[in-house]
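Right, one structure below, let's go through it.
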Amino acid sequence: DAGITQSPRHKVTETGTPVTLRCHQTENHRYMYWYRQDPGHGLRLIHYSYGVKDTDKGEVSDGYSVSRSKTEDFLLTLESATSSQTSVYFCAISETSTSGGTLAKNIQYFGAGTRLSVL
Amino acid sequence: AQSVAQPEDQVNVAEGNPLTVKCTYSVSGNPYLFWYVQYPNRGLQFLLKYITGDNLVKGSYGFEAEFNKSQTSFHMKKPSALVSDSALYFCAVRVSYGGATNKLIFGTGTLLAVQP
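Put into structure tokens, the structure is as follows:
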């Protein structure tokens, strides 16, 4: 899975507890993303990072926070987990290069996912 | 609003027959379009992309996709389906958002089932 490690791979937790998911990359890519995958919704972006300490919200960011203190690590935190956050979470990375002013690479590479159940 | 639509939740095809998985998009500016595949309990794998140039792009595992600007579509095709092609397929379009221009919007996915 393209040098991306997500941990843990599975987690069961209780409502109201904090949860942190980790994404670690060995590719030195600039961009990192957290998505959640739910039936009928495809993948939805939670937060993304465009560099160390540079993060921004995606379309479903409520209830989530992120941090990126090193290029290789991007953490997703659920401050107080709710049952609606039961989902499969995917981390992705990408790099952008330009050639003649045209973006030549926009491919995102995905980790294997973390299955989170909030009871 | 920028969006991607995959109108079919599931596509069924017999092995050896051609397959098409449909995707339409709505985005401002020139679209960057992608197809990904997901096998059970795995992350998404990149299949192919359209950035510019020829409207017919070829990707991994014999898949190809045709960009049609007038119909705002990016349907994926394969001349002869294999049972091993059975998986969940996602279409995605790149959008510009804030400081990152690599944000993708995904469709809801199409489950491809190839019968032997």
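Those protein sequences? They're chains A and B, same order as listed.
Residue 3 is where the first sequence starts when you use this note's numbering, and the numbers rise one by one after that.
Residue -7 is where the second sequence starts when you use this note's numbering, and the numbers rise one by one after that.
Note that CB positions come from ideal geometry on N, CA and C, so glycine has one too.
Boundaries (first-last residue) of the beta strand (DSSP E) holding residue i
i, result
"R46/A", "44 to 53"
"N4/B", "2 to 6"
"M36/B", "The question names Met, yet the displayed sequence has Leu at residue 36/B. Unbroken beta strand (DSSP E) run through L36/B: 36 to 42."
Contact with chain B by residue i, beta-carbon distance below 8 Å
i, result
"L121/A", "no"
"F76/A", "no"
"T100/A", "In this prediction, T100/A scores a pLDDT of 47, lower than 50, which makes its location untrustworthy; the coordinate-derived value is nonetheless stated afterwards. Answer no: the Cβ-Cβ gap between T100/A and chain B never drops below 8 Å."
"Q87/A", "no"
"H43/A", "yes"
"N30/A", "no"
"Y50/A", "yes"
Pick from the options that is closest to residue i, judged by C-alpha positions
i, options, result
"P108/B", "L40/B, L74/B, V87/B", "L74/B"
"E29/A", "H49/A, T7/A, L45/A", "T7/A"
"D46/B", "A79/B, S52/B, E56/B, Q37/B", "E56/B"
"G115/A", "G35/B, S65/B, V19/B, F59/B", "G35/B"
"R32/A", "T73/A, V120/A, T79/A", "T73/A"
"G44/A", "V106/B, F38/B, A(-3)/B", "A(-3)/B"
Partner residues on chain A for residue i, Cβ-Cβ distance less than 8 Å
i, result
"T16/B", "None at all; the shortest Cβ gap to chain A is about 14 Å."
"T100/B", "G42, H43, G44"
Proximity test, Cβ basis, 8 Å: residue i and chain A
i, result
"L103/B", "no"
"G51/B", "no"
"K41/B", "yes"
"F66/B", "no"
Proximal residues of chain A, C-beta to C-beta of residue i below 9 Å
i, result
"G35/B", "D3, A4, I6, Q8, F92, C93, A94, Y111, F112, G113, A114, G115"
"F82/B", "G44, L45"
Amino acids of chain A, ordered along the chain, whose beta-carbon sits closer than 7 Å to that of residue i
i, result
"K61/B", "Ordered by position in chain A, no residue passes the 7 Å Cβ test against K61/B, which lies about 17 Å from the chain."
*Pairing CB atoms from the region -4 to 16 of chain B with CB atoms from the region 68 to 85 of chain B, are three or more of them under 8 Å?*
yes
_I want to know whether the region 34 to 44 of chain A touches the region 91 to 98 of chain A - three or more CB-CB distances under 8 Å._
yes
*Count the C-beta pairs between the region 17 to 29 of chain B and the region 39 to 48 of chain B that are closer than 8 Å, then say yes if the count reaches three, no if not.*
yes
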